[in-house]
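Structure, as C-alpha cells:
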Amino acid sequence: MARKHLLPIFAALAVSATAQTGQPYIHDPSTLAECEGKYYTFGTGGGGLISDDGGWTWHGGAERPGGGAAPDVLKIGDRYLVAYSATGGGLGGGHYGKILTMWNKTLDPKSPDFKYSVAKEVAASDGVEDCDAIDAGLLYDEQNNRLFVSYGTYFGNIRIIELDPVTAARKSGAKPVDVAIDCEASDILLVDGWYYLLGTHGTCCDGVNSTYNIVVGRSKDIYGPYLDNLGRDMKQGGGKMVVNTYGKAVGAGHFGRFVVDKGVEVMSCHFEADFERSGRSVLSILPLTWKDGWPKAGKKVSNGVFSIQSERRGYALELATDFVRIQQERQAWWNAKPDDPVSELPLQKLSDMESTWPKGAAPARLSDYMLRPNQYWQIEAVDGKGGYLGNPYFKITIKGTTRTLAAGPDMDVIVAENYTGDDTQLWRIEQCTDGTYRLMPKRLAGTTSDNTKYVLYSIADSTPILKEWDNGDNAKWNLVAEEK
Amino acid sequence: MKRLLLITAFLPTVLYAQNPVIRDQFAADPTARVFNGKVYLFPSHDILQPKPMPQGMRENWFCMEDYHVFSSDDLIDWTDHGVIINQKEVPWGNPTAYSMWAPDCVERNGKYYFYFPDAPKSGMGFGIGVAIADKPEGPYKPVANNIEGVNGIDPCVLQASDGNAYLFWGAGRCAKLKDNMIEIADDTPKEKVKWGEREFEMMGVNCLKGLPSRQAEGPFAFEYNGNYYLTYPYVRTNTEVLGYAMSKNPMGPYEYKGLIMAEHADSCWTNHHSIINFKGQWYLFYHHNDYSPNDDKRRSVRIEKLYFNPDGTIKEVKPTMRGVGVNNALSRIDVDRYNTASKDVNTDFVDSSDTFKGWFAGLKQKGSYIVYNDVNFADVKNRAYAIATVRANKNTKFSIREKNAKGKVIAEFNVTVVTEGRFRRDYSGQWLAVTAPLKYIPSGVTDLCIVADQDAIDVDAVEFKNRIEYYSNATGASSQPDNDGFVRRWNVLEPIPLDINTNILFTDSYLAQILGDPKVQALIKTVPNDRQQVKYDSKTTLTWHKIESNFYNVKLFRFAEQYGTKIYGVIFPVTTVIECDDDMQGVRLMAGSNSASKWYLNGEEILTMSGDRRMVRDDCASKSITLRKGTNVLSGLIINGPGMSDFCVRFIDKNGNTVKNFKVK
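If you read the protein sequences in the order shown, they are chains A and B. First residue of the first sequence? That's 987 in our numbering, and the numbers climb one at a time after it. First residue of the second sequence? That's 2 in our numbering, and the numbers climb one at a time after it.
Structure, rendered in C-alpha cells:
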C-alpha cells in the first residue's frame, strides 16, 4: 500500500525544478566526484550520497570517517582527496577548528581498495583568532601542480593555504592568507587565469527562513584580493550573487563546480529548504553558466513546449513536411490606413496540416521559425530511465502528437511516428556555460551503450545530424518557449 | 652537478628548539661548525634500510645514503639546506653501499672542505673523500679520488694554531694535511699495525695508544686555551661513552682525562659528538635514538651546554630532553621536553606510528607538574592569550605558572572535553587546543611550570599569542576619515545584554520597538566623555569608551570581548561628532553593519538596516541629508544575535564621491 502512495509523489518529483530525485537529503555537500561511473558527494556529519544513474537519482551510502562539518572531495591523478573539519563551527565546539585531509583510491565503499589514509591536519584555528577552521574547499591547479584549500566561517576570515599535492599535507613554509569576511562554505576555482572565491552569505539551519546565498569574487592571484563585479573586496563584504533562491527552494549554500565537458558545467549546492519536499535540506545540481567572466546558476530545462532553434543560424528544428500556407485575406500593408482596426489572427493548427504529414518516421530538418505546428516540441521528463548530472532524460515530441525526436541510423536525426521509450528516443538536455543548450540522445541507433559524445548538430544551416560535441555554435541550441 | 645545483633550491624547513633539534628526519654523528656567525650542522643521515635490502647489506645495521646540511642563528630554528651529496655522486664511491658515515666540514682560505667516509667502488673497508664548496650550504663538488693512504671512517679536521690542518679519523689516528687539504703531508710517518693475523701499513700516528680506547671511533679534536683536546666515543663497559684526552701538541702524546658524557641510560649503543663555542658559550652536540626507541641505528641530534673547569678539564655533561635555547613565548613550546617534573609524570609519543609527531607529558593527578626553562616573554603584549594542546578524559583544569608549582599564575585553563545540551560533543581522549587569557605576563626570560589543578591531563605544547589590536584609545583632539572616507573614531558603549540568539527576527517593527525604547534612545541623546558611566537600568551600569579603529570597520565583537558581559545577543550604542567647515547638502550616509542597525544624525533617524545582515561595505544608503557647518552628532544602534558584530560608515556626496573634508571628534 505504501508503494501506491509513493508512486504519484515520485512522478511529481521528476519535474521538480530544483532538486535531485531519490533521497537527496544532505547538508553542506562537497563538490561532486565521479568514481567508476558513479557520482558521490559528502556532507556534514559523516556520510554522503551516491548516484548510480549518472547523477539524477541520489541515495545515501557514501562513507567518510571523521565526522565533523562540511567536507570537500577532489580527484587528483588516480586518487581522491577528502578534506574535512573535525571540530569548531561554534556549536558547542567553540571556534577551535581543524582542517584535515586524507586520501582514498576509490570512493566506492564496496571496493576492496576502499581505505582512507590517516588524516593529516593542515590548518587550525585556536578559538580566539579571527578564523574558525572548518568548511574546507579544495582547488587543484593541474597545470602548475599546486593544491590549495580555503576554509573558515563567519567567525572572522576565510583563509587560503597551500598544500603539497602529493601528500596533501600543508606545504612546507606555507602560511594561511585572509581573503574574505562574513562567509562560510567557501570554495576556490581557477578558470581562464582567474581565481574565483565562492562563499556562502546569510543564515543557515533555519528551514524555510534560512537566508543562505552563494556569492563570488575573483582575483588574478590565489591570495586575492577577491573583488566582486563592483570592484569591492570580499574582505569588505563584497560578493556577486551566484544563486540564492531557485525554483521553490531557498537558502543555497556550499558551492561545488563540476566540469561535464568543455562548455558544459554544473554546480552542486544544497538548498536549506525545498518547499516541494517538506522544507528539507536537499542536494541540487544546477547548470553553471559564465557571462563576462562571472559564474551564475543557469536554467534547468523543465517540462514545456519549445521551439528548438540553432545557435548556428537561428533556424528551428522541425518535422520535415510540406510547408502549408496560412490563408490570409489579402491586405497589402501599403494599402492599410494607420487607423484601420486590427485583430489577432489564429496560428496554424495541427489539424490544418497534420493530414499532409508522412506516415512512419520522417527526417528532422532546420528551417525558418514560422510558428508552425511541426516546429513545436513538447519536452517532458521521463521517469524511471535514469539521468545525468542535474536532470532526468526527456522525450521530445511534436506537440499534440506521438511523433518523437530520435537518433536515427547513420547519425541522422529522425522523427519517429510513435514514442516507444527506446533509449534512442531519450534526450539529455544540458545548459551550456554560455546559456545555450545541448541535446544528446541517450543512445545511438545500433549501439548498446549510452552515448556521451554525439549531440544534435547543424551540419548545414538546414540539416541536423548527430555529431561529436565540439562546444561550437553548430552543437548549441536555444529553447524558446511556445507563443500562446 | 645538475643535481647538486637543484638541491640548493629546496625550501628550507623551520624546526623547533629542544632535543632533538632535527625533528623531521633522523640525523646522527653531528659535527657542528661556526661559519660567518652561524652554526652549520653536518650530521650523517640515518634512514630505514631499503626493501628489499641490497645484497651484502647487514640486517638491522646503519644505513646512510646522503648528507644534509642545516644552519641556525640561535640553535633553535634550524634551516635544512637539503641534500649536499648523495652516494651516487661520489666518483670513487660504491653507489649502493649506504655507508655515508660521520662527516666533518672546515673552512680554509674561503673554501669549504667537506670530509666524509664512504665505501670505495672496489676493495675493502672505507675511504675518506672530500667535497669542496664556496659556501657552507653548498653546492659541494666532490674531489675525484679519496684521500690516498687513509683507510677508515669518521674524519675530523683540526686547524691548529700552528697553521697546519690535521686529519683525525677512525680510532684516533692523526696525520697532517697538505695545504691543498685533500692530501696527506709527504712527511707523514707510517706504522705497521697488526689486526688479528693480518698486518697493515697505516699512515699517521695513533693518538689514543695506551689510553682507554676500546672500540674507539668518531674522534673530534679542538684547541682551547693552549690545549689540544682529543674527544672520542669508546666502550667503557657495554656501550659507548664520550671520553677525552688532552695534549700540548696536535698529534700528541695525549693524556686521558675522563668522561664528557656517560653511557646513554637506555640501550642506544653509539654516541658521537662535536664541540663548538658559539657566542661565548661552549656546546656539546651528540646523538641519541629519540625517535627510534627500538632501533638504535636511527638516531637524532641533541645539544647541551658544556663547561670547562679552571684547569682546562671538561665538566661531565648530562643529557636532557630540554636541550638548549631560549624559546620565544610567541612560538610553539613543546613542554613535553621539560627540565624537571613531579615523579608521576611520564613522556610518550603522541603517535607511536609516526614518532616524528613528537611527545606529550602525562600529568597523572592533581598537583602533578612539569617545569620548562628559558621562555622569553619580551614580545608578549597586554591582553595576549595562551593556547595549550592537551588531552583529557573528563572536564578538568590546569594552569601555567611561573617557575614552579606554587608560582604566580600566568594562565588558568578550563578543559571542557564533554559539552552537554543540544549540540553535545565528546572530545575525551582527543587532542584539543584550549585557550585562556593571561592573568599575568612575566617580564623577560623565565621558567614555565604546568600544573594539573584537578585531574590527569596530557600536555603536548603551549604557546602564547598576542591579540590583533583592532582599535586603540582615541588620542588627540580629532581625527580624519581614512582614505576611503570611513569614520574610525567612535564613542562605543559597553554592550547592552538582550535575550536573542538569531539575526532573522530583526524586522523593521522589531527594531523600532527594541531600539526605539526610550531607555536605549536616551543613551545616544548626548555625546559622552571617555569612560563616562551610564546607568542603563537598576542592574546595569555601562561605560563609554572613546576608540580609534585600526581598520575601516569597527570590530564591536572584539570590543564586547574586552568590555562586555555578553558578546552575542547585545545592542551596541555608538556615537561620534562630525565637524564640517561648511554646510554639505545632498550627502548620504553609507553603512554596513553586522547585524541590523539604526543610524541618527543630529537626533533624527536617517537609516534603518533591518534583517539578517552581514557587514558589507556600502550595504545601505541613508536618505539625502545635510551635514551642517560646525558640529554634527552621528549615532548608531547596532543589534546582534550570533556572529561577529561590526560596522563601517562613510559619507558620499550627490555625485557618489566619497566625502572626506570633515573632522571626527
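Every residue gets a Cβ at the ideal spot worked out from N, C-alpha and C, and that includes glycine. Predicted model, so just to flag it, every value in this text is computed and none were measured.
Task: Within 9 Å, strictly: CB atoms of B/ILE548 and B/TYR472 - done: Their beta carbons are under 9 Å apart, which means B/ILE548 touches B/TYR472 by this criterion.
Task: Candidates B/ARG59, B/PRO190, B/ALA387 and B/ASN147: closest to B/ALA132 by CA position - done: Nearest Cα to B/ALA132 within the set B/ARG59, B/PRO190, B/ALA387 and B/ASN147: B/ASN147.
TODO: On the DSSP bridge assignment, give the partners of B/GLN282 in chain order.
DONE: Answer by DSSP bridge pairing, in chain order: B/PHE279.
TODO: Count the other C-beta atoms from every protein chain shown that fall within 10 angstroms of the C-beta of B/MET585, then say buried if there are 16 or more, exposed otherwise.
DONE: With 16 or more other Cβ atoms within 10 Å, it is buried.
Task: Where the alpha helix (DSSP H) through B/GLN522 begins and ends - done: Start and end: 519 to 522.
- [ ] Give me the Cα-Cα distance between A/ARG989 and A/GLY1370, rounded to the nearest whole angstrom.
- [x] Confidence is the limiting factor: at A/ARG989 the pLDDT is only 35, short of 50, which leaves the residue's position unreliable, though a coordinate-based value still follows. Going from the Cα of A/ARG989 to the Cα of A/GLY1370 covers about 15 Å.
Task: Beta carbon proximity, B/PRO643 to chain A, threshold 9 Å - done: At least one CB atom of chain A sits nearer than 9 Å to the CB of B/PRO643.
Task: Pick from B/ASN662, B/MET125 and B/ASP461 that is closest to B/GLY359, judged by C-alpha positions - done: Closest option to B/GLY359, Cα to Cα, is B/ASP461.
- [ ] Pick out whichever of B/THR397, B/SER510 and B/PRO121 has its Cα sitting closest to the Cα of B/ALA457.
- [x] Measuring from the Cα of B/ALA457, the nearest candidate turns out to be B/THR397.
Task: Candidates A/PRO1095, A/TYR1181 and A/LYS1226, of which the one nearest A/VAL1135 by Cα - done: Sorting A/PRO1095, A/TYR1181 and A/LYS1226 by C-alpha distance to the C-alpha of A/VAL1135 places A/TYR1181 at the top.
TODO: Could you check the C-alpha separation between B/VAL521 and B/PHE487 for me, to the nearest Å?
DONE: Approximately 25 Å between the Cα atoms of the pair.
TODO: Measuring only between beta-carbons, confirm whether A/PHE1141 sits less than 9 Å from chain B.
DONE: Output row for A/PHE1141: interface = yes.
Task: N-terminal and C-terminal residue of the alpha helix (DSSP H) that B/GLN514 is part of - done: Annotation for B/GLN514: the continuous alpha helix (DSSP H) segment containing it runs 509 to 515.
- [ ] Establish whether the CB of A/VAL1236 and some CB of chain B are separated by less than 9 Å.
- [x] No, A/VAL1236 does not count as interfacial toward chain B.
Open item on the list: Among the candidates B/LEU449, B/ALA393 and B/ALA453, whose CA atom is the shortest distance from the CA of B/TYR428?
Closed with: Per the Cα distances, B/ALA393.
Task: Within 9 Å, strictly: CB atoms of A/GLN1222 and B/ASN554 - done: Yes, these two residues count as a Cβ contact at 9 Å.
- [ ] Using only alpha-carbon positions, find the residue among B/VAL493, B/PRO143 and B/ILE48 that is nearest to B/TYR99.
- [x] Each of B/VAL493, B/PRO143 and B/ILE48 was checked against the Cα of B/TYR99, and the nearest Cα belongs to B/ILE48.
TODO: Note down, in chain order, all residues in the stretch 615 to 638 of chain B with a beta-carbon under 8 Å from any beta-carbon belonging to chain A.
DONE: Those residues of the stretch 615 to 638 of chain B that come within reach of chain A (Cβ to Cβ, closer than 8 Å) are ARG615, MET616, VAL617, ARG618, ASP619 and ASP620.
TODO: Take B/ASP531 as the anchor and find which of B/ASN551, B/GLU495, B/TYR511 and B/ALA266 has the nearest alpha-carbon.
DONE: Checked all of B/ASN551, B/GLU495, B/TYR511 and B/ALA266; the closest Cα to B/ASP531 is B/GLU495.
Open item on the list: Could you tell me the alpha carbon to alpha carbon distance between A/LEU1333 and A/LEU1303, rounded to whole angstroms?
Closed with: Rounded to whole angstroms, A/LEU1333 to A/LEU1303 spans 18 Å at the Cα level.
Task: Range of the contiguous beta strand (DSSP E) that encloses B/ARG559 - done: First-last for B/ARG559: 557 to 564, but that is the alpha helix (DSSP H), not the beta strand (DSSP E).
Open item on the list: At the 9 Å Cβ level, is A/THR1087 part of the contact set with chain B, yes or no?
Closed with: Proximity of A/THR1087 to chain B, defined by a Cβ-Cβ separation below 9 Å, is not satisfied.
- [ ] Along the beta strand (DSSP E) that carries A/ASP1058, what are the first and last residues, could you check?
- [x] Run containing A/ASP1058: 1055 to 1062, per the beta strand (DSSP E) assignment.
TODO: Taking A/ILE1365 and A/ASN1289 to be in contact with their CB atoms under 8 Å, please state how far apart those CB atoms are, rounded to whole angstroms.
DONE: Contact between A/ILE1365 and A/ASN1289 holds, since their C-beta atoms are separated by about 6 Å, short of 8 Å.
Open item on the list: On a Cα-Cα basis, can you pick out the residue from A/SER1329, A/LEU1430 and A/TYR1301 that is closest to A/ASP1459?
Closed with: Cα-wise, what sits closest to A/ASP1459 is A/TYR1301.
Task: A/HIS1081 versus B/ASP485: straight-line alpha-carbon distance, rounded - done: Going by C-alpha positions, A/HIS1081 is about 32 Å away from B/ASP485.
- [ ] Identify the continuous beta strand (DSSP E) that holds B/ASP349 and give its terminal residues.
- [x] First-last of the beta strand (DSSP E) with B/ASP349: 347 to 350.
TODO: Enumerate in chain order the residues of its own chain whose CB-to-CB distance from B/PRO213 is below 8 Å, with the five nearest sequence positions on each side excluded.
DONE: TYR235, ARG237, GLY244 and TYR257.
Open item on the list: Helix, strand or coil, according to DSSP, for B/SER293 in the structure here?
Closed with: In the structure shown, the three-state DSSP call for B/SER293 is coil.
- [ ] Return the chain-ordered list of same chain residues with a C-beta closer than 7 Å to the C-beta of B/THR436, the five sequence neighbours on each side being excluded.
- [x] These residues qualify, in order along the chain: TYR386, ALA387 and ILE388.
Task: Contacts that B/ALA434 makes with chain A (C-beta to C-beta distance below 7 Å) - done: Neighbours of B/ALA434 on chain A, chain order: TYR1082, ALA1110, ASP1112 and GLY1113.
TODO: Answer with buried or exposed for B/TYR438, where buried requires no fewer than 16 other C-beta atoms within 10 angstroms of its C-beta.
DONE: Residue identity check: residue 438 of chain B is Pro in the sequence provided, not Tyr. Per the 10 Å Cβ criterion, exposed.
Open item on the list: For A/ASN1195, would you say it is in contact with chain B, using Cβ-to-Cβ distances shorter than 9 Å as the test?
Closed with: Output row for A/ASN1195: interface = yes.
Open item on the list: With a threshold of 9 Å between beta-carbons, can B/GLY408 be considered close to chain A, or not?
Closed with: Output row for B/GLY408: interface = no.
Open item on the list: What does the alpha-carbon distance come out to for the pair A/LEU1272 and A/PRO1359?
Closed with: About 31 Å.
- [ ] Would you give the residue range spanned by the alpha helix (DSSP H) that A/SER1016 belongs to?
- [x] Where A/SER1016 is concerned, there is no enclosing alpha helix (DSSP H), given that its DSSP letter is neither H nor E.
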